[in-house]
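Number of protein chains: 2
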Amino acid sequence: MAQTDTVTRILDTAEVLFAERGFAETSLRNITGKAKVNLAAVNYHFGSKKALIQAVFSRYLDPFSDRFHAAIDELERGYGDRVIPLEVLLETMARTVLEVPAERHSLKVFMRLLGLAYSQAQGHLRRYIQDQYGTVFTRFVALVRKATPELPDSERFWRLHFALGTVIFTLSGLDALRDIAEKDYDEHVSVRDLVRRMMPVVVSALKAPLPEPAPTIPPATREPTA
Amino acid sequence: MAQTDTVTRILDTAEVLFAERGFAETSLRNITGKAKVNLAAVNYHFGSKKALIQAVFSRYLDPFSDRFHAAIDELERGYGDRVIPLEVLLETMARTVLEVPAERHSLKVFMRLLGLAYSQAQGHLRRYIQDQYGTVFTRFVALVRKATPELPDSERFWRLHFALGTVIFTLSGLDALRDIAEKDYDEHVSVRDLVRRMMPVVVSALKAPLPEPAPTIPPATREPTA
DNA sequence: CCAGTATTCAAACAATTGTTTCCAACTGCC
DNA sequence: GGCAGTTGGAAACAATTGTTTGAATACTGG
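If you read the sequences in order, they're chains X and E.
Number 109 in the numbering used here belongs to position 63 of the first sequence; there are no gaps in the numbering.
Number 198 in the numbering used here belongs to position 152 of the second sequence; there are no gaps in the numbering.
Take a look at the structure:
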């Protein structure tokens, strides 16, 4: 028991602190102090701080990947050759995302890590995700493609990332947004509540009419204000 | 003028580095080294690193605030008592946002900084922005409110932030996303192109049908929101 | 021109960072 | 029981951080 205890306690504490302050602002002494383990334990068990971050990451993504593959399997089995509606696909994605972190702590870390993976441009993190968990995402996109045949491929690509931006931004900045919301509208929103609110928004976003074709003549007509 | 102003050179370098790596990951020696100014110059001219960060934001937000106020003034003058359509409001916002950073560097930096302000740190930055530039956004939200009277206030709050997430995530992670897009669909997208694509998506997102009212029946207490 | 302020600069400051070292304590196995 | 290897722990390590200092230099108004 004492064997995994230290490792687990480090991971549990690290993910909470990472979510609260970010990675650079969270020191190993901060983690080990709160986790009540020795400072050297991190480098002993994980090797480095960067490896600890990736370990926190894998702890979420591994079960997510497994479950989502399974969920898609079941979905495809149930629908046979029929097209799986967009709403069902999104619901399944949402349910799986909500399911995994519910076992331990918040969704915040997961989302913040995802956000970092994208925003950290030349980042090793994005490639790490792409290499490690890319197939799950590819499979999902293929199903969305069947559900939205009217969309050009590139348009769907961008819109999926628009939606991804909504989800990541909202959930990773959850505390900040919740502060403002509670101050202005004094209503307390749960994560499940937010996901429920996002659903019709994302669906409408994906099904939005196509944009007007690019203005091939740049400075032609320019009087937008009535 | 010593070549270019030391203050300006610090700001120019800082905003780029901040956008690339974040605030905590960017050291003053990093900034002053690349800017070829003395290390002490930052503390001499700005007082502290925190003040430098705020100065970087002010340099974007001050002109933005002015221009957007002016644009809204003109809009209200043109429309009189009539409701300004949502599309017009968003177009005006987009145009102003595109206009300001075009004078110096890319929109990417501005968006990345905005994203950092929301997600990073325990939010001294968020409060600073809220206190300093809150009135502009309040004014904008009030107009959006008139344009979307069917939305409950809190719902509109969240949807606006959903849209903000789309914009910030897409534009701040532009390089990474563009890499993938060009590799998979070999099409080159400009920032203006992306904004054009976002427009109908955001409009549809804001006008999406309301979510199903109650999730299930777990919480019996739902009325006491006061 | 010169007094006085504003700016630059190199160096040092104290604090904190991630990492390593070395030794004690424990484990399982023969 | 005693020896392997694994884990825990206090201290020190080297590097980096933001900030301050005090002298040297540049600039400006009178």
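Heads up, the beta-carbon is just placed ideally off N, CA and C, and yes, glycines get one too.
Counting the other CB atoms within 10 Å of its CB gives Gly68 of chain E a total of 16 or more, which places it among the buried residues. Using a Cβ-Cβ cut-off of 8 Å, His170 of chain E does not count as an interface residue toward chain X, since no Cβ of chain X sits closer than that to its own.
Residues of the stretch 192 to 213 of chain X with a C-beta less than 8 Å from any C-beta of chain E: Asp199, Ser200, Glu201, Phe203, Trp204, Arg205, His207, Phe208, Ala209, Leu210, Gly211, Thr212, Val213, listed in chain order. Sequence-distant partners of Arg75 of chain X (beyond 5 residues in either direction) whose C-beta falls short of 8 Å from its own C-beta, in its chain, are Leu85. Listed in chain order, the alpha helix (DSSP H) runs fully inside the stretch 203 to 266 of chain X are 220 to 231, 237 to 252, counting runs of at least 4 residues. Burial of Glu61 of chain E is indicated by the presence of at least 16 other C-beta atoms within 10 angstroms of its C-beta. For Phe183 of chain E, the three-state secondary structure derived from DSSP is helix.
Interface criterion met: the Cβ of Phe215 of chain X is under 8 Å from a Cβ in chain E.
Below 8 Å, enough C-beta pairs join the stretch 151 to 159 of chain X and the stretch 215 to 232 of chain X to call them touching: three or more. Nearest Cα to Arg141 of chain X within the set X:Pro257, X:Val241, X:Val83, X:Glu233: X:Val241.
Residues Arg55, Ile56, Thr59 of the same chain have their beta carbon placed closer than 7 Å to that of Ala81 of chain X, with the five preceding and five following residues left out of the count.
Contact fails between the stretch 181 to 201 of chain E and the stretch 174 to 194 of chain X, because fewer than three Cβ pairs, one in each stretch, are under 8 Å apart. Distance between Asp199 of chain E and Ala209 of chain X, taken at the CA atoms: about 22 Å.
At a Cβ-Cβ threshold of 8 Å, Val247 of chain E and Arg205 of chain X count as neighbours. Ile175 of chain E is classed as buried because its beta carbon has at least 16 other beta carbons within 10 Å across all chains shown. Scanning chain X for C-beta atoms nearer than 7 Å to the C-beta of Val247 of chain E yields Arg205, Phe208, Ala251, Ala254, reported in chain order. Only residues of its own chain outside the window of five on either side were considered, and among them Ile175, Gln178, Tyr179 have a CB closer than 8 Å to the CB of Leu107 of chain E, listed in chain order. Annotation: Asp112 of chain E has no Cβ neighbours in chain X at a cutoff of 8 Å; minimum Cβ distance is about 17 Å. Among the residues facing chain X, Gly219 of chain E is included, as its CB has a counterpart in that chain under 8 Å away. Distance check between Ser236 of chain E and each of E:Leu171, E:Thr212, E:Gly161, E:Ser152 places E:Ser152 closest, using alpha-carbon atoms only. By alpha-carbon distance to Tyr90 of chain E, the top candidate from E:Leu63, E:Val53, E:Glu122 is E:Val53. Inclusion of Leu132 of chain E and Val213 of chain E in the CB contact set at 8 Å is not warranted, their separation being larger than that value. Ranked by Cα distance from Phe183 of chain X, the first of X:Met245, X:Arg113, X:Glu233, X:Leu162 is X:Arg113. Restricting attention to X:Pro257, X:Met245, X:Arg173, the CA atom closest to the CA of Leu136 of chain X is found in X:Met245.
Identification of residues in the stretch 123 to 135 of chain E having a C-beta nearer than 8 Å to some C-beta of chain X yields Gly124, Tyr125, Val134, given in sequence order. Contact annotation: in the stretch 56 to 77 of chain X, residues whose CB is within less than 8 Å of a CB in chain E are Glu66, Arg67, Gly68, Ala70, Glu71. In the structure shown, Leu197 of chain E falls within a coil segment according to DSSP collapsed to helix, strand and coil. For Pro109 of chain X, the enclosing alpha helix (DSSP H) stretches over residues 95 to 125. Between Ser111 of chain E and the set E:Arg123, E:Met139, E:Arg128, E:Lys96, the nearest pair of CA atoms involves E:Met139. The CB of Arg224 of chain E never comes closer than 9 Å to any CB in chain X; the least such distance is about 10 Å.
Counting only runs that start and end inside the stretch 138 to 179 of chain E, the alpha helix (DSSP H) elements of at least 4 residues fall at 153 to 165.
Where Gly79 of chain X is concerned, the enclosing alpha helix (DSSP H) starts and stops at 74 to 81. At a C-beta separation below 8 Å, Ala227 of chain E has these neighbours in chain X: Ser200, Phe203, Trp204. For Arg238 of chain X, the CB contacts under 8 Å within the same chain, skipping 5 residues up- and downstream, are Leu144 in chain order.
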